[in-house]
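Data block below; observations after.
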Amino acid sequence: MKRMHIALAIVGIIVLAWIADTYANGITAKATSEIKDKVMKFMHRWRHAGHGKNYQYAWKHMLNYTRMEGVLQYENGSYYLDGMKLYVGNDFFLDSIAKSDYDGDGEYEYVWQELNGLVGKEIIVNGVIRNDMLYVSHINGIWLRMPREMPDLIEMKGTLENINGSFYINDTLLIIKHGFSKSDIDGDGLLEKMYEELNGLVGKEITVDGFLNEKGFVVMHINGIWAR
7 MKRMHIALAI VGIIVLAWIA DTYANGITAK ATSEIKDKVM KFMHRWRHAG HGKNYQYAWK
67 HMLNYTRMEG VLQYENGSYY LDGMKLYVGN DFFLDSIAKS DYDGDGEYEY VWQELNGLVG
127 KEIIVNGVIR NDMLYVSHIN GIWLRMPREM PDLIEMKGTL ENINGSFYIN DTLLIIKHGF
187 SKSDIDGDGL LEKMYEELNG LVGKEITVDG FLNEKGFVVM HINGIWAR
């Protein structure tokens, strides 16, 4: 029996015992109703916790993925460990500020600078091997990124349109983030929801970059401003 099924069986036994105890002690119908509500809330939380359990399992066991030790090398624009090519992110990721001090020099630098600071040193990496390449998740036990290849960013330029509440450039649907923007993208002096920021640019020529998926164009930057 799978671990998940065992856990659910245990929950079921606890619930049945709880109900039996309720009636054995003559608790009122109102109290029984309250207990039922608590049980339903508990089960809802349990189901919610189980949602995306594959991702939770992956995060929990990330350090149990392929583990390699060796001297980090850099050749022709790629990083290697014991002859294995490492995928550490696309150009956009490498040009972002690292969230950890991987090379231990006391500074938060661009990711590529952090990695270059480790070249020639003995390191430990964890990740997933696909097509003779290790997609790195951790360096020396420090989280780097999800071990998968990110799509290359492409750029689009055109006049922004709002059609039935959705934004388009060159007849391509733009997929934008929900909630508030971190920047004043439309230049009106206000920090607004991303929808309002783009609404302020309707009719103007803008430049966006991002990547295409099955729904449309996922926007990462608008006129060079971070938009996620």
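Numbering (the working numbering), first residue to last: 7 to 234.
We treat Cβ as the ideally placed atom computed from N, Cα and C, and that holds for glycine.
Since the model is a prediction, treat every value here as computed from it, not as a measurement.
Report the option in the options whose CA atom is closest to the CA atom of residue i.
i	options	result
Phe-217	Glu-75, Met-162, Lys-105, Asp-138	Met-162
Val-125	Gly-110, Tyr-114, Arg-136	Gly-110
Phe-173	Met-200, Ser-102, Glu-128, Asn-122	Met-200
Ile-145	Ile-231, Glu-128, Gly-89, Asn-137	Glu-128
Glu-198	Glu-220, Ile-130, Ala-233	Ala-233
Glu-219	Val-208, Ile-160, Asn-137	Inspection of the sequence shows that residue 219 is occupied by Asn rather than by Glu. Closest by alpha carbon: Ile-160.
Leu-180	Asn-205, Gly-195, Asp-194	Asn-205
His-227	Glu-113, Gly-195, Lys-221, Lys-183	Lys-183
Asn-229	Ser-189, Ile-169, Gly-171	Ser-189
Asn-170	Gly-123, Asp-194, Leu-196, Val-208	Val-208
What residues match up with residue i in a beta bridge as DSSP calls it?
i	result
Met-152	Answer by DSSP bridge pairing: none, since Met-152 is not bridged.
Asn-132	Arg-73, His-144
Phe-99	Partner(s): none; Phe-99 has no beta bridge.
Leu-78	Leu-87
Asn-168	Phe-173
Lys-210	Answer by DSSP bridge pairing: none, since Lys-210 is not bridged.
Val-125	Answer is none; Val-125 lacks a bridge partner.
Asp-190	Paired residue(s): none; Asp-190 is not in a bridge.
Met-139	Lys-91, Arg-136
Excluding five sequence neighbours on each side, which residues of the same chain lie with their C-beta closer than 6 Å to the C-beta of residue i?
i	result
Gln-79	Tyr-86
Glu-203	Ser-187, Ile-191, Asp-192
Gly-76	Leu-87, Asp-88
Asp-194	Gly-206
Met-74	Leu-87, Val-131
Val-225	Leu-180, Ile-182, Val-214, Gly-216, Ala-233
In chain order, what residues of the same chain lie with their CB nearer than 7 Å to the CB of residue i, ignoring the 5 residues before and after it?
i	result
Ile-148	Ser-106, Tyr-108
Gly-133	Tyr-71, Thr-72, Leu-140, Tyr-141, Val-142, Ser-143, Pro-153
Tyr-114	Ile-103, Ala-104, Asp-107
For residue i, which residues from the same chain have a beta carbon less than 8 Å from its beta carbon, with the 5 sequence-adjacent residues on both sides left out?
i	result
Ile-175	Met-162, Lys-163, Gly-164, Thr-165, Leu-166, Glu-167, Ile-212, Val-214, Phe-223
Gly-185	Lys-199, Met-200
Lys-91	Ser-84, Tyr-85, Asp-138, Met-139, Leu-140
Val-94	Tyr-85, Leu-100, Val-117, Leu-121, Val-142, Leu-150, Arg-151
Ser-102	Tyr-116, Val-117
Lys-221	Leu-179, Ile-181
Return no unless some Cβ of chain D is closer than 8 Å to the Cβ of residue i.
i	result
Asn-205	Of the protein chains in the structure, only one exists, and it is not chain D.
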